[in-house]
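Everything on this sheet refers to the single structure shown next.
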Amino acid sequence: MEEPALIRDAQHGDLEAFNTLVLAYQDIVFNTALRILGDEDMAADAAQEAFISAFRALNSYRGGSFRAWLLRTVTNACYDELRRKRRRPITPLEPETEDGDEVETPRWLADPNASPEEQLDQAELEHAIQHCLENLPTDFRVVVVLADIQGLDYSEVAAAVKKPLGTIKSRLARARLRLRECLQSFRELLPAAFRLEEERGL
Amino acid sequence: MTTPSFRDLEQLSASLDGQLSQAEKTRLEARIQLNPALAALLADLRLARTILRQTPKRRFRRNFTLTPTMAGIRPPVPRLVPAFSWASAVAMLLFIFTLGTNLVGRLSFGAAAPMLAAAPMTNESYGFGGGPAATQPPVTDNTQVIPTAEAFIMTVPETTPSGDARLIEPSASTVTKAAPEPVNIWLYIWLGLGAVFIAAALLIRRASIQAFRRKVGRKPNP
């Protein structure tokens, strides 16, 4: 069934139609929350909360990009989670050893389908990106996650965060610059392909 | 060569996403040719963007599909409700039980009344005069049955006003034999009706919930 028909049915209370949409969008919603929050369980909570809110507020959807509308819901859920996180003890992203040292390349970040080398590369890349994302102010992080990680265009990002296009353009430029500076400190951890590209760029 | 400004940064970033007009793009490209700092900044931004786009995608270990409970959907209540709610069912059960018990009790007393009416009564047994005097000859027919009030009045003058009251044991020949206790059939009938009503209510409720679940297409998370 086409997405507009599913949305229309869901707006009339058809939970099965809505769950079809959930299955189609759950990865993008979860990954968005994961990159904004940096914690898998918190991201899952935010994603679930976002879908519940989306179902209840589905009648407020008036057309346009459903993905952007959904991502606005998850972004709001992430802001709520971050507010809660400030009131709770912070769980470190990296697991710690018995001595309290952070595990540099944690196994729990690995994709079990990849080869060991690929797993290592992916884990290091993900670790570096997540670390740098978390050093950004939340508003910048949200924009860069939506635009560069999820691939939304400027108008979709603007719709998702309810800010004008100029603000999106500005935040994205500054976020990219800060990320570039941060990622330089992880130069040795980045996969070889990126190092070569970097050398070509310079 | 000049240090890139914040405006340059914004334009370079937007150019990566194709957000510049053709005129802006042409002007920027000309400046990049003349200013290596702009070219270096553009390369930095492009690399950051490329790395971010390579961020591994993760899948959570379960789906995020909603159950009717999570979605805040409640099964529709049958139209005959509130008769089918739990509280109503219990109240109905208690009502039927009370009604049945009262009815059975009334029927039981009603069955016992004729026995009392038929019970043998002596003139002494009413306590007039406290029973026969010791001088009086013993009442031979001490089991005289007084079936009616009229008969009772007629026998009163024969009693003496004094003497020990003596309750005369009725003889087996005059006492109407006690009827066997009636079976409380109504109690069982009422309780059975109540049980049938409650079972019907629960069955209807269950059927409506199942129909609702089929309608909303509840899917368990894998």
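Protein chains in written order, with our numbering: chain A, 1 to 202; chain B, 1001 to 1222.
Backbone N, C-alpha and C define an ideal beta-carbon position, used for all residues, glycine too.
For clarity, every value in this text was computed on a predicted model and none was experimentally measured.
8 Å CB neighbourhood of residue i in its chain, flanking five on each side removed
{"i": "N76 (chain A)", "result": "A50 and S53"}
{"i": "L227 (chain A)", "result": "The structure shown does not extend to residue 227 (chain A), since chain A is modelled only from 1 to 202, so the question has no answer here."}
{"i": "L1041 (chain B)", "result": "P1004, D1008, L1009 and L1012"}
{"i": "T1101 (chain B)", "result": "L1187"}
{"i": "T138 (chain A)", "result": "I36, Y79 and L82"}
{"i": "E55 (chain A)", "result": "Checking the sequence shown, residue 55 (chain A) turns out to be Phe, not Glu. Once the five neighbours on either side are set aside, the close Cβ partners of F55 (chain A) are A10, L15 and F18."}
{"i": "A159 (chain A)", "result": "G64, S65, A68, W69 and R72"}
{"i": "T1140 (chain B)", "result": "Low per-residue confidence applies at T1140 (chain B): pLDDT is 46, beneath 50, and the placement is therefore not dependable, though the value from the model is reported in the following sentence. Same-chain partners within the cutoff: there are none."}
Rounded C-alpha distance that separates residue i from residue j
{"i": "V144 (chain A)", "j": "Q130 (chain A)", "result": "12 Å"}
{"i": "L1191 (chain B)", "j": "R8 (chain A)", "result": "50 Å"}
{"i": "C132 (chain A)", "j": "L179 (chain A)", "result": "6 Å"}
{"i": "E81 (chain A)", "j": "Q1210 (chain B)", "result": "36 Å"}
{"i": "L1053 (chain B)", "j": "A1201 (chain B)", "result": "Note that residue 1053 (chain B) is Arg in the sequence shown here, rather than Leu. So the alpha carbons of these two residues sit roughly 59 Å apart."}
{"i": "R107 (chain A)", "j": "S170 (chain A)", "result": "Interpretation of R107 (chain A) is limited by its pLDDT of 44, a score under 50 that renders its predicted location unreliable; no figure is taken from the coordinates."}
{"i": "E1024 (chain B)", "j": "S1005 (chain B)", "result": "16 Å"}
{"i": "R1074 (chain B)", "j": "P1068 (chain B)", "result": "7 Å"}
{"i": "D153 (chain A)", "j": "A147 (chain A)", "result": "6 Å"}
{"i": "T1055 (chain B)", "j": "L1012 (chain B)", "result": "22 Å"}
{"i": "G203 (chain A)", "j": "A1089 (chain B)", "result": "Residue 203 (chain A) is absent from the structure shown; chain A starts at 1 and stops at 202."}
{"i": "E16 (chain A)", "j": "M42 (chain A)", "result": "26 Å"}
{"i": "Q1033 (chain B)", "j": "D39 (chain A)", "result": "43 Å"}
{"i": "F1064 (chain B)", "j": "A46 (chain A)", "result": "11 Å"}
{"i": "R1205 (chain B)", "j": "A128 (chain A)", "result": "56 Å"}
{"i": "A1091 (chain B)", "j": "G1194 (chain B)", "result": "11 Å"}
{"i": "R67 (chain A)", "j": "F186 (chain A)", "result": "32 Å"}
{"i": "N31 (chain A)", "j": "I149 (chain A)", "result": "9 Å"}
{"i": "E126 (chain A)", "j": "E134 (chain A)", "result": "12 Å"}
{"i": "K162 (chain A)", "j": "F140 (chain A)", "result": "14 Å"}
{"i": "T20 (chain A)", "j": "A1043 (chain B)", "result": "41 Å"}
{"i": "A1207 (chain B)", "j": "L1099 (chain B)", "result": "30 Å"}
{"i": "A1117 (chain B)", "j": "V1196 (chain B)", "result": "Caution is warranted here: a pLDDT of 46 is assigned to A1117 (chain B), below 50, making its placement in the model unreliable, and the coordinate value is therefore given only provisionally. If you take the alpha carbons of A1117 (chain B) and V1196 (chain B), they lie about 40 Å apart."}
{"i": "I1051 (chain B)", "j": "C182 (chain A)", "result": "12 Å"}
{"i": "L1047 (chain B)", "j": "Q184 (chain A)", "result": "10 Å"}
{"i": "Q1022 (chain B)", "j": "A44 (chain A)", "result": "42 Å"}
{"i": "E1029 (chain B)", "j": "G13 (chain A)", "result": "52 Å"}
{"i": "R86 (chain A)", "j": "Q48 (chain A)", "result": "20 Å"}
{"i": "R176 (chain A)", "j": "R1214 (chain B)", "result": "49 Å"}
{"i": "E2 (chain A)", "j": "I1189 (chain B)", "result": "59 Å"}
{"i": "R1031 (chain B)", "j": "G1018 (chain B)", "result": "17 Å"}
For residue j and residue i, believed in contact at Cβ under 8 Å, the rounded distance
{"i": "D1008 (chain B)", "j": "L1038 (chain B)", "result": "6 Å"}
{"i": "R1027 (chain B)", "j": "L34 (chain A)", "result": "Wrong, their Cβ atoms sit about 39 Å apart, outside the cutoff."}
{"i": "V142 (chain A)", "j": "I36 (chain A)", "result": "6 Å"}
{"i": "L1016 (chain B)", "j": "R1049 (chain B)", "result": "6 Å"}
Option in the options with minimal Cα separation from residue i
{"i": "T1198 (chain B)", "options": "B:L1094, B:F1006 and B:L1034", "result": "This sequence places Ile at residue 1198 (chain B); Thr is not what is there. Checking every option, the nearest Cα to that of I1198 (chain B) belongs to B:L1094."}
{"i": "T73 (chain A)", "options": "A:Y25, A:K85, A:T20 and A:A5", "result": "A:Y25"}
{"i": "R1061 (chain B)", "options": "A:F55, A:R62, A:D27 and A:R84", "result": "A:D27"}
{"i": "A1071 (chain B)", "options": "A:E134, A:V22, A:T138 and A:A5", "result": "A:V22"}
{"i": "L1187 (chain B)", "options": "B:I1096, B:L1203, B:R1214 and B:S1208", "result": "B:I1096"}
{"i": "A1014 (chain B)", "options": "A:R56, A:L70, A:I168 and A:F55", "result": "A:I168"}
{"i": "V29 (chain A)", "options": "A:Q184, A:K85 and A:G151", "result": "A:G151"}
{"i": "P4 (chain A)", "options": "A:R56, A:Q48, A:S65 and A:L136", "result": "A:S65"}
{"i": "W1086 (chain B)", "options": "B:N1184, B:T1002 and B:L1203", "result": "B:L1203"}
{"i": "L136 (chain A)", "options": "A:G13, A:R174, A:R86 and A:E188", "result": "A:R174"}
Same chain, Cβ closer than 7 Å to residue i, neighbours up to 5 away in sequence not counted
{"i": "R83 (chain A)", "result": "none"}
{"i": "W69 (chain A)", "result": "Y61"}
{"i": "L172 (chain A)", "result": "V143, V144 and A147"}
Same chain, Cβ closer than 6 Å to residue i, neighbours up to 5 away in sequence not counted
{"i": "L165 (chain A)", "result": "Y154 and A158"}
{"i": "T1103 (chain B)", "result": "For clarity, residue 1103 (chain B) is Leu in the given sequence; the question names Thr instead. Around L1103 (chain B): W1186."}
{"i": "L1066 (chain B)", "result": "none"}
{"i": "E188 (chain A)", "result": "none"}
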